[in-house]
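*Asks:* Numbering (the numbering used here), first residue to last: 1 to 275.
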Amino acid sequence: MPYTLNPARTNFKRGSTPGLTQAAKQGPQRRQMSTKKDRLFAQPLQDVPKFTFDGQVAAVFPDMIKRSVPGYSTILHMIGQMAERYARPGTVCYDLGCSLGASLLAMRGNIHCSDVNIIGVDNSEEMLERCRQIVASQPGNVPVELKAADITEVSLEPASICVLNFTLQFIAKHERAALLDKIARALVSGGVLILSEKLSFEDTEHDALMTDLHHDFKRMQGYSDLEIAQKREAIEHILVPESLEIHRQRLLNAGFRSANIWFQCFNFASIIAFR
Ligand code: GEK
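(1) Please report the distance separating the alpha-carbon of residue 170 from that of residue 96.
(2) At a threshold of 7 Å, does residue 170 count as lining ligand 1 (C-beta to nearest heavy atom)?
(3) Considering only DSSP beta bridges, list what residue 227 is partnered with.
(4) Note down, in chain order, each residue of its chain lying with its Cβ closer than 6 Å to the Cβ of residue 232, except the 5 sequence neighbours on either side.
(5) So, with DSSP's three-state summary, where would you put residue 264?
(6) Looking at the structure shown, is residue 198 part of a helix, part of a strand, or coil, going by DSSP?
(7) Quick one: Cα of residue 14 to Cα of residue 246, how far?
(8) Which residue's Cα is closest to the Cα of residue 89: 109, 116, 76 and 251?
(9) Less than 8 Å between C-beta atoms, sequence neighbours within five positions excluded: which residues of the same chain meet that for residue 49?
(10) Out of 86, 265, 155 and 144, point me to the one whose CA is closest to residue 98's CA.
(11) Among all the DSSP beta bridges, which residues are the ones paired with residue 259?
(12) Ignoring anything shorter than 4 residues or poking outside the region 119-169, list the alpha helix (DSSP H) runs there in chain order.
(13) Taking contact to mean at least 3 C-beta pairs separated by less than 8 Å, is the region 197-214 in contact with the region 260-275?
(14) Check whether the region 79-93 touches the region 56-67, counting contact only when three or more Cβ pairs, one atom from each stretch, lie closer than 8 Å.
(15) Can residue 167 and residue 151 be called in contact, C-beta distance under 8 Å?
(16) From the DSSP output, read off the bridge partner residues of residue 92.
(17) Nearest to residue 221 by alpha carbon, out of 253, 237, 64 and 149?
(18) Of the residues 70, 91 and 55, which one's Cα is nearest the Cα of residue 100?
(19) Let me know the secondary structure DSSP gives residue 193 once reduced to three states.
(20) Return the chain-ordered list of same chain residues with a C-beta closer than 8 Å to the C-beta of residue 224, the five sequence neighbours on each side being excluded.
(21) Along the chain, where does the alpha helix (DSSP H) containing residue 175 start, and where does it finish?
(22) If I'm right that residue 131 touches residue 146 with Cβ under 8 Å, what's the distance once you round it to whole angstroms?
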């Protein structure tokens with residue numbers, strides 16, 4: 001069942017909402033920082049379970065993604081900036097694989113044109129439940145609808161912006177082209193896809209260096225070697241990165257007129273593709 005938020009309920013002035021925690025009053029970034037620290041892989045595990053977006057992950061997700069993905073906060077800010085530029089009246093702005101709604105909140109805070117709807121889609125009920133609470137606690141003028149659905153199955157309305165912020169990497173490789181074809185068909189002329197992904201590199205030496213630098217980044221963020229190793233094992237075959245060349249070719253095949261990198265830090269990058 002999709003969760004539909006009544007815009008009238010979320011259309012309040014910043015700081016004027018009774019009953020919210022101080023962190024909630026200070027905006028999405030501040031509130032998310034107040035969530036639990038990610039210690040999910042801190043203790044030695046006999047059998048490292050396969051990674052899933054369950055309740056435990058949802059509870060620590062803002063801390064986990066911020067300390068695991070270099071540039072994550074910058075990308076969110078820039079998604080807001082791009083939403084301001086590319087959102088069009090009479091269209092939808094999609095956040096596909098929205099998790100706790102960080103990208104859709106970045107869009108909502110920066111869309112100034114009228115008659116725009118934001119739709120967030122995620123197939124983790126636990127993620128979406130927290131997302132619903134966070135979105136309802138934040139001020140905003142643009143209506144937000146949250147759908148519990150598989151993004152490979154959901155049908156898309158005419159859209160000016162689609163965001164896949166580190167989501168495509170979790171979709172089975174053989175389903176990625178069909179998903180991008182569907183997004184390309186939904187986007188209006190001049191519409192954009194923002195596709196952020198962990199990348200692999202054909203040059204094995206460079207690939208190893210980027211992996212090393214990423215692990216250094218995680219150490220600097222306070223993760224231990226054990227946490228890094230166990231998370232890596234848990235996520236193997238679940239998060240499947242591909243090369244920039246493969247991403248670009250697939251986007252061009254789907255009908256995007258261009259697809260170029262606008263952000264990269266080590267093996268994490270974001271592409272902007274135009275219809
Ligand atoms: C952010 N975009 O913070 N259908 C729907 N959702 C899916 C599917 C699927 N088939 N597969 C995975 N997901 C967010 C971060 S996280 C990235 C996105 C990360 C969802 C999954 O439940 C999770 O919430 C999200 O995609 C990936 O800007 O954890 O590295």
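In this text, a Cβ means the ideal position worked out from N, Cα and C, and glycines have one as well.
*Replies:* The answer reads as follows:
(1) Against the sequence shown, residue 170 aligns to sequence position 170. Against the sequence shown, residue 96 aligns to sequence position 96. Taking the straight line joining both Cα atoms gives about 12 Å.
(2) Reading the sequence shown from its first residue, position 170 is the one you call residue 170. Because some heavy atom of ligand 1 lies under 7 Å away, the Cβ of residue 170 counts as near it: yes.
(3) Walking along the sequence shown from the start, residue 227 turns up at place 227. DSSP lists no partner for residue 227.
(4) Your numbering for residue 232 matches position 232 in the sequence shown. Contacts found: none.
(5) Counting from one through the sequence shown, the residue named residue 264 turns up at place 264. The answer is strand: DSSP assigns residue 264 an E or B state.
(6) Within the sequence shown, numbered from 1, the residue matching residue 198 stands at position 198. Strand.
(7) As a position in the sequence shown, residue 14 is number 14, starting the count at 1. As a position in the sequence shown, residue 246 is number 246, starting the count at 1. Unreliable placement is indicated for residue 14, whose pLDDT of 30 sits below 50; no coordinate value is reported for it.
(8) The residue given as residue 89 occupies position 89 in the sequence shown. The candidate whose alpha carbon is nearest that of residue 89 is 116.
(9) Residue 49 sits at position 49 when you count from the first residue of the sequence shown. The residues are 234.
(10) On the sequence shown, position 98 is the one that residue 98 refers to. The shortest C-alpha separation from residue 98 is found at 144.
(11) The sequence position of residue 259 within the sequence shown is 259, counting from 1. Looking at the DSSP assignment, residue 259 forms a beta bridge with 273.
(12) 125-137
(13) yes
(14) no
(15) Here residue 167 is taken as the residue at index 167 of the sequence shown, counted from 1. Here residue 151 is taken as the residue at index 151 of the sequence shown, counted from 1. Yes.
(16) Within the sequence shown, residue 92 is the residue found at index 92, counting from 1. In DSSP, residue 92 forms a bridge with 117 and 159.
(17) Taking the first residue of the sequence shown as position 1, residue 221 is located at position 221. The residue with the shortest Cα to Cα distance from residue 221 is 64.
(18) Translated into positions along the sequence shown, residue 100 becomes position 100. It is 55 whose Cα lies nearest to the Cα of residue 100.
(19) The residue labelled residue 193 in the question sits at position 193 within the sequence shown. If DSSP states are grouped into helix, strand and coil, residue 193 belongs with the strands.
(20) Stepping through the sequence shown from its first residue, residue 224 is reached at position 224. Closer than 8 Å at the Cβ level, and outside the excluded window around residue 224, lie 42.
(21) Along the sequence shown, read from residue 1 onward, the residue named residue 175 stands at position 175. Segment 173-186, the alpha helix (DSSP H) holding residue 175.
(22) Position 131 of the sequence shown, counted from the first residue, corresponds to residue 131. Position 146 of the sequence shown, counted from the first residue, corresponds to residue 146. Confirmed, about 6 Å.
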